[in-house]
Each structure stands twice: as C-alpha cells, then as structure tokens.
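> I have a structure here, written as structure tokens, and I will follow up with some questions on it.
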Amino acid sequence: MYRRSFKDTKSSLGSPNPNFSKPMVALRFLRALSLVRCSGPGARSPSYRARGIRRAAYACMAASAGPRRAWSRALLRKIRRRPGRGLRRPRAVIRRRRPVGGGDPLEVALRRLVPGGGCMEYCRLLEEAADYVKCLAMQVRLMQTIVDSASHVNSID
Amino acid sequence: MSTRRSRSRQAGAGRITDEQIDDLMSKLQAILPEARLGRNDRVSAAKVLQEACGYIRSLHREMDDLSERLSELLSTTEMSSAQAAVVRSLLM
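Listed in order, the protein sequences are those of chains U and D.
Residues 1 to 157 (my numbering) are what the first sequence spells out, left to right.
Residues 1001 to 1092 (my numbering) are what the second sequence spells out, left to right.
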C-alpha cells in the first residue's frame, strides 16, 4: 500500500520548483492564450472561449507547479481526461482511492475545494491547500495584469 | 494519550502530533490575506479553515470573471501588443 510519511511531505515543502517563477507562468499562459485566439475568434461563442481560457489558466497553473503537488496532478488529470479512451493506469502508481470519511464540515468543504483533496491525509491536505491558494492567487494576479494591459492598450488606440 | 488519538485523523499513518498540525495551520494562515483574519496571532483552526474555503471560492469566482473579460478582450484587441505590454511589465 502506498503510504506517505510526514517526513516525505515535509521535505517536499521546502524544495522550490524551477518552473514556477512568475515570468515562466506568464509566458506559458500567454502562449496558451494565443492558441485560443488562433482557433477562430469569430466561429465560437464568447462563453465557449471563456471556458477555454479558464481551462488554459488552470492547466498552465498546474503545469507550472509541476508533478510534485497532488493538486496539480489532479487538476491536469481532470483537464486532460478524454472520455472514451480508457487508458489503463500503470500498476506501479497505486494511490489511495478511498475518500476520507468527513467528520468536520469545514474539512470536508476544504477537501472539495482543493483538487485531489478527497483522499489525502489531513496534514497533506493543509499543505496542499496552502500551495494551491498561493498558486491560484498568483494566477489571478497574472490574469488581472493581462486584462489591465489589454484594456490600457485598447484605450490608447 | 486519548486526546492524541482523537486528534490523529488516520490510524496507522504515523503519529501526527498537534504541533505538526499547528505548524501547517500557521503556514496556511500566512498565505491568506490579512484582511480576512486580522493581525491576531492566535486564530482558531476552524477560523483558518473557514477563511481558506472562502478565499478559494472567491479566487475561483475571480478566475471565471477574468476569463470572461479576457475572452471579450481577445475579440477586440490586437494580442501581440497586449503580450508586449505584459512582458514589459513583468520584466521591470
């Protein structure tokens, strides 16, 4: 059975991910945005495009955080899931799929909000939640910057 | 001893002490914006969890809102100039 000791989680807390610097996330997201644009701005409804942008935002955020985080892995799995393919998961990766029985309603709420949070130990959940909040806040700030710049550009012309 | 057992969330996962949980709680509290929690040092664990949930929900809403605005802007703006402006602001 796959078991993470607390020592493992503690060591992953301190090690920085080289991919996750603000310019890298920004460039990755800008590239994703340009791909959304190329797919034909007139052909799709704005809400469809908005959903694509949101999906791209979460995907860039998760990709930049790297595979060491459970929330980023869970997010990428959810985004990249293609229904009907039926790829078999390799046997070497055995994750605990049993959801943890909730006693505390706040803990249950947090598990629902953090991607992949349903099956974690409590300590892991707290650690993942902190990292998720940090990355989410940064992604929101980045998108706000882009919106501000684009609006500014619009107002100049 | 009985309090420790009632606190540990999982049997057999190793002894997770109250100090470790408190440490992680304080790290989570540090991430949350100060406006939500005030400047008190001693904030209850329940309050931290509650504010964390509220903050995550508000961030999700902001993501949706900003995605909508970005999709509107993409249809009207020349993306290359917006990209240039963003890169310039990031490098400064």
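In this text, a Cβ means the ideal position worked out from N, Cα and C, and glycines have one as well.
Source: prediction; values computed, not measured.
#1: Which chain U residues sit within Cβ distance under 7 angstroms of D:E1068?
#2: Below 7 angstroms CB to CB, which residues in the same chain sit around D:E1066 once its five sequence neighbours on both sides are set aside?
#3: Alpha carbon to alpha carbon, how far is D:I982 from D:S1080?
#4: U:V36 and U:L142: beta carbons closer than 8 angstroms?
#5: Please report how far the alpha carbon of D:R1015 lies from the alpha carbon of U:M138, in whole angstroms.
#6: Where D:R1069 and U:A50 are concerned, what is the direct C-alpha to C-alpha distance, given to the nearest angstrom?
#7: Determine the DSSP secondary structure at D:I1031, reduced to helix, strand or coil.
#8: What does the alpha-carbon distance come out to for the pair U:D148 and U:V133?
#9: Return yes when the Cβ of U:A32 is within less than 8 angstroms of the Cβ of U:A70, no when it is not.
#10: For a contact defined as C-beta to C-beta under 9 angstroms, what are the partners of U:K22 on chain D?
#11: Using a beta-carbon distance cut-off of less than 7 angstroms, what residues from the stretch 51-63 of chain U approach chain D?
#12: In chain order, which alpha helix (DSSP H) runs of at least 4 residues are fully inside the stretch 1036-1081 of chain D?
#13: Is there at least one Cβ from chain U nearer than 8 angstroms to D:D1064's Cβ?
The answer reads as follows:
#1: A50
#2: Reading off the sequence shown, one finds Leu at residue 1066 of chain D, where the question assumed Glu. Same-chain partners within the cutoff: there are none.
#3: Limits of chain D in this structure are 1001 at one end and 1092 at the other, which puts residue 982 of chain D out of reach.
#4: No, they are not a contact pair.
#5: 34 angstroms
#6: Roughly 8 angstroms separates the two Cα atoms.
#7: helix
#8: 22 angstroms
#9: no
#10: Per Cβ cutoff of 9 angstroms: L1090.
#11: I53, R54 and A57
#12: 1045-1076
#13: yes
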